[in-house]
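Enquirer:
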Amino acid sequence: MSYDQNNIFAKILRGEIPCDKVFENDYVLAFRDIDPKAKMHILIIPKGAYTDIVDFGANGNSQEIHEFYKAAAQIAQENGLTENGFRSIANTGKWGGQEVPHYHLHLLGGEAIGPLVSK
Ligand code: AMP
380 MSYDQNNIFA KILRGEIPCD KVFENDYVLA FRDIDPKAKM HILIIPKGAY
430 TDIVDFGANG NSQEIHEFYK AAAQIAQENG LTENGFRSIA NTGKWGGQEV
480 PHYHLHLLGG EAIGPLVSK
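In short: position in the sequence shown from 1, add 379, done, that's this note's numbering.
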């Protein structure tokens, strides 16, 4: 899948639409999900143009990947998610239910999150 420069997270990164930012550095932006699925729902995105975890893992450089997961740890700690635990999810592609084609990690917490999938 080629990267769509007009996806909503690309627009957020370009400053064309606002976000409720919780973290930013040269490599990573994190913001609150506009339609939270838990008391705390944060999205973490790399600033590079990667469609999903496969693209990021295969084509991201080692500094981008290191900075991404370092930021994820810092964001989880700073937002009080590590004490009782949380869920991190990366939906991927059609069957994974990915809606926005820019790689993002969901952090869901602030309460018990329940089973991994519902049937
Ligand atoms: P996914 O289904 O894994 O691609 O998740 C996309 C997430 O992006 C959903 O949870 C949406 O609620 C969230 N979302 C969509 N637009 C925005 C936005 N403008 N600001 C923050 N979150 C958004």
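Glycine included, every Cβ here is placed at the ideal spot set by N, Cα and C.
Starting from Ser467, follow the beta strand (DSSP E) in both directions and report where the run begins and ends.
Expert: That run of the beta strand (DSSP E) goes 466-468.
Enquirer: Thinking His481 and Asn386 are a contact (beta carbons under 8 Å), I'd like their distance in whole angstroms, please.
Expert: Indeed they touch by this definition, with Cβ atoms about 5 Å apart.
Enquirer: Can you tell me which residues fall inside 5 Å of ligand 1, judged by beta-carbon distance to its nearest heavy atom, and keep chain order?
Expert: Going along the chain, the residues that qualify are Ile387, Asp412, Ile413, Asp414, Asn470, Gln477, Glu478, Val479.
Enquirer: Pick helix, strand or coil for Glu403, following the three-state DSSP scheme.
Expert: Of the three classes helix, strand and coil, the one that applies to Glu403 here is strand, per DSSP.
Enquirer: Pick from Gly439, Leu460, Glu490, Phe465: whose alpha carbon is nearest that of Lys418?
Expert: Out of Gly439, Leu460, Glu490, Phe465, Glu490 has the C-alpha closest to the C-alpha of Lys418.
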